[in-house]
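Chains as they are written, first to last, in this note's numbering: chain A, 23 to 668; chain B, 487 to 745. Working notes, structure below.
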């Protein structure tokens, strides 16, 4: 059986090359992500780095680790998805060959064994390719992570044998898992199908396709509903799940919309003979159309779904920040400079927020072990009365009025740590030890927010005087905020923004970071899915040599055959795009609901630019690939193919 | 008038009559579709093909020839009646039993050759034995290929062979396991007259020398005339038969059926 697999492999390599590359790239991404992930475990802090900068580097390492973990996970998902869709397609294409095996005495088990040994070969070859690819991927990922500022310049992830072994095993397992359902389907092929096209061969919406399609659709809808009442982390995870499950559901159910698309073509371009043929081909080749659309659905669903989710969260964060501030202007300066703001004419309240460089230590008991953690950043010195007048977010615990003397209030970023009021946190400010009693805390917000608020009076002046400070200014009644802003600028403050401008800038800043992370995460995975799109177009085209030849002997010219193939491919791309958008839309409904629950209003970001790029890019790539494949498939004289029997 | 009957051993001169049936259908009916609105591709057919003989099945298009062959070979199941193959009742056989049957008891030759395109001629010939877990020596394979005149084509792939050569590889593949019955579906349908003649001589030689039982479907009177007996089907029923046929006999009866 292995010999048979090997010769099939050699003979019909074009059917498998895409799957091999999919496994190879999957292994490369998993291997590279694991190596980078392992290297982020021990943050490389250059000597002489300030404590706040060190905190920032550590945060970057944690974020990089998260991104790498997600990349590895996505790569595995895409590899299984692509290998399984490629294999189920090739099983459909090879139906007659497989029936012939049954006819010559092959048992169901042997047919399954044949496909599994083919996929084993594929897994081994793919994994072998993945190892050198992995080195390139590791370089690319490290470069991207440094480029977007998550990792410091000079970061290196050392090569490790274990990662190669683990990713190789994953590659083989992915290939075997991907082919499993296809092997079950192949085992059901009847020997009689070698002799004639039976109803079974033409049936596309099989029971298992309905079952998996509807099950995954049900899971997707459940996640959308669950996300409505979830917290934001939950909603983000749900968004990823919705994209993945929804993409699988839509891929499974895509044959149902193929006839509709064919009909739409007829409506848009009535009376054209070539479009008529493309329409008929689309209807007739439902399985082929669905197989080509599948990776495109995944690509669009993941790219737009996640971009929409991240974008919505950022936009909602900006909106929340704007609503939580009851003021007109935000001025940036040092702590010392900010002291003058209250005295400027027209300023009613100036709430100074100094980002101070102090240390606060928390203690947490986990599994009977006391874990100490030092915080150096996200600590803001405030004047409680001013802060309360300019900020509307109600505390989750305690009262801001109690924030005086040696006390501390926990910020939104520390809400999850459950630091209870009454606890005393050791701190160190400008070399002076402090004992700060927790008097309350803020709830979680969309933005990460600050970690701790401390009363300015509790800190030595030198700690806050030079600290970067944002002052939230409330303009006195009857005063024109613009005029007051002008006065503040005249007083020597260069950075004066309205609250709206400040909120938008914050959202854009957060969105910018998201876009960067998305670039790393989706850039590689997106390229990967695009490769699968090209692969399925190539398989579909190269398997149609005889059909193209028949069209030509019927009177079509070669350019006409190519044009029909391109029209069909565009139809398939449109199906992929629309269904992908449906999944992305479901993701946005989920995140929209979660945002509504968090801030009381629905803020949804639709990534129009990305949508336009993805739409034009994928239609263009599918059209060009299908044109090239059809041109190659029609380069031989048609009669030589039409008369070929075997 | 029903022509359903047990045929006598009508083999050509010099062929030993082994006396039992290679294939037997007893009141076999095969319906497609619902009972009331469906079509009876085979309608209460009884037929016995004696071992060691060559039976050709003829009839107009849609007469049920292929269905009869498929049911007789266990590729399709009759709706009612019985099917016996080499003395075994296969009417309701399980998939595993039928698989076993295809490995050891029957061989197939088709119009479209149905060789596995990725394997060479000798790999194709050895393949069914390998599936059955039977070791087959390279010399046996080469010898079988030599017996069909393809000793020098053993390492060629199907696409490197002519139609006639491919069909001879298919015959060698069917013969290597020494099947009790060889089923042939239009074995010369895709061949030129020279190749067709060569294939028919090969089949006749197998019947003569090793007593091979052959059941063949064809629409060509010249091909049918090579067989020992020709059975004519129309509308799913056996309507005529001729032993020791000549081309003229067969053509005349077929023309009568089609008119």
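We treat Cβ as the ideally placed atom computed from N, Cα and C, and that holds for glycine.
Think of a sphere of 7 Å around the beta carbon of residue 582 (chain B): the chain A residues whose beta carbon falls inside it are 129, in chain order. CA-CA distance, residue 441 (chain A) to residue 404 (chain A), rounds to 20 Å. Counting C-beta atoms within 10 angstroms of its own C-beta, residue 160 (chain A) has 16 or more neighbours from the protein chains shown and is therefore classed as buried. A Cβ-Cβ distance of about 4 Å is found for the pair residue 193 (chain A) and residue 49 (chain A), placing them in contact under the 8 Å criterion. Beta-bridge analysis with DSSP links residue 479 (chain A) to no other residue. Assigned with DSSP and collapsed to three states, residue 458 (chain A) falls in strand. Residue 526 (chain A) carries a helical assignment under DSSP once its states are collapsed to helix, strand and coil. Against chain A, a Cβ distance below 8 Å from residue 562 (chain B) picks out 214. Contact of residue 576 (chain B) with chain A is not assigned, every C-beta pair being separated by 9 Å or more.
From the beta-carbon of residue 530 (chain B), no residue of chain A is found nearer than 7 Å; the closest lies around 22 Å away. Taking all protein chains in view, the Cβ of residue 289 (chain A) is surrounded by fewer than 16 other Cβ atoms within 10 Å, so the residue is classified as exposed. Non-local C-beta neighbours of residue 356 (chain A) in its own chain, meaning closer than 8 Å and more than five positions away in sequence, comprise 487, 488, 489, 490 and 491, ordered along the chain. In the DSSP secondary-structure assignment, residue 705 (chain B) is not bridged to any residue. Within the model, the alpha-carbon separation for residue 573 (chain A) versus residue 583 (chain A) is close to 7 Å. Cβ-Cβ distances below 6 Å link residue 422 (chain A) to 406 and 410 in the same chain, with the five nearest sequence neighbours on each side left out; the list follows chain order. Assigned with DSSP and collapsed to three states, residue 615 (chain B) falls in helix. Judged by DSSP secondary structure, residue 394 (chain A) falls within the beta strand (DSSP E) whose first and last residues are 391-397. Within chain B, the residues 561, 588, 594 and 600 have their CB atoms less than 8 Å from the CB of residue 125 (chain A), given in chain order.
Membership of residue 369 (chain A) in any alpha helix (DSSP H) is not indicated; the residue belongs instead to the beta strand (DSSP E) covering 369-377.
Residues 562 of the same chain have their beta carbon placed closer than 6 Å to that of residue 556 (chain B), with the five preceding and five following residues left out of the count. Annotation for residue 557 (chain B): no beta strand (DSSP E) segment contains it, though the alpha helix (DSSP H) segment containing it runs 551-558. Taking a C-beta distance under 9 Å as the contact criterion, residue 662 (chain B) and residue 615 (chain B) qualify as a contact pair. Rounded to the nearest angstrom, the gap between the Cα atoms of residue 122 (chain A) and residue 649 (chain A) is 33 Å. Short of 6 Å from the beta carbon of residue 643 (chain B), and not among the five residues preceding or following it, lie these beta carbons of its own chain, in chain order: 606. Taking 8 Å as the upper bound for CB-CB distance, residue 472 (chain A) and residue 384 (chain A) are not in contact here, some 15 Å apart. In this structure, B:702 is the residue among B:580, B:702, B:676 and B:571 with its C-alpha nearest to the C-alpha of residue 713 (chain B). Around residue 614 (chain B), the beta-carbon contacts reaching into chain A at under 8 Å are 126 and 127. In this structure, DSSP gives residue 690 (chain B) a helical state, which the three-state scheme calls helix. Interface with chain B (9 Å Cβ-Cβ cutoff): residue 228 (chain A) is excluded. When only Cα atoms are considered, residue 117 (chain A) and residue 655 (chain B) end up about 22 Å apart. Listed along chain B, the residues sitting closer than 8 Å to residue 132 (chain A) by beta-carbon distance are 617. Shortest Cα-Cα distance from residue 645 (chain A) to any of A:477, A:585, A:616 and A:622 involves A:585.
The criterion of a C-beta distance shorter than 9 Å is not satisfied by residue 362 (chain A) and residue 507 (chain A). Between residue 324 (chain A) and residue 249 (chain A), the CB-CB gap reaches or exceeds 9 Å. Counting other Cβ atoms within 10 Å of its Cβ, residue 545 (chain B) reaches 16 or more and is therefore classed as buried. Taking 9 Å as the CB threshold, residue 512 (chain B) stays off the interface with chain A.
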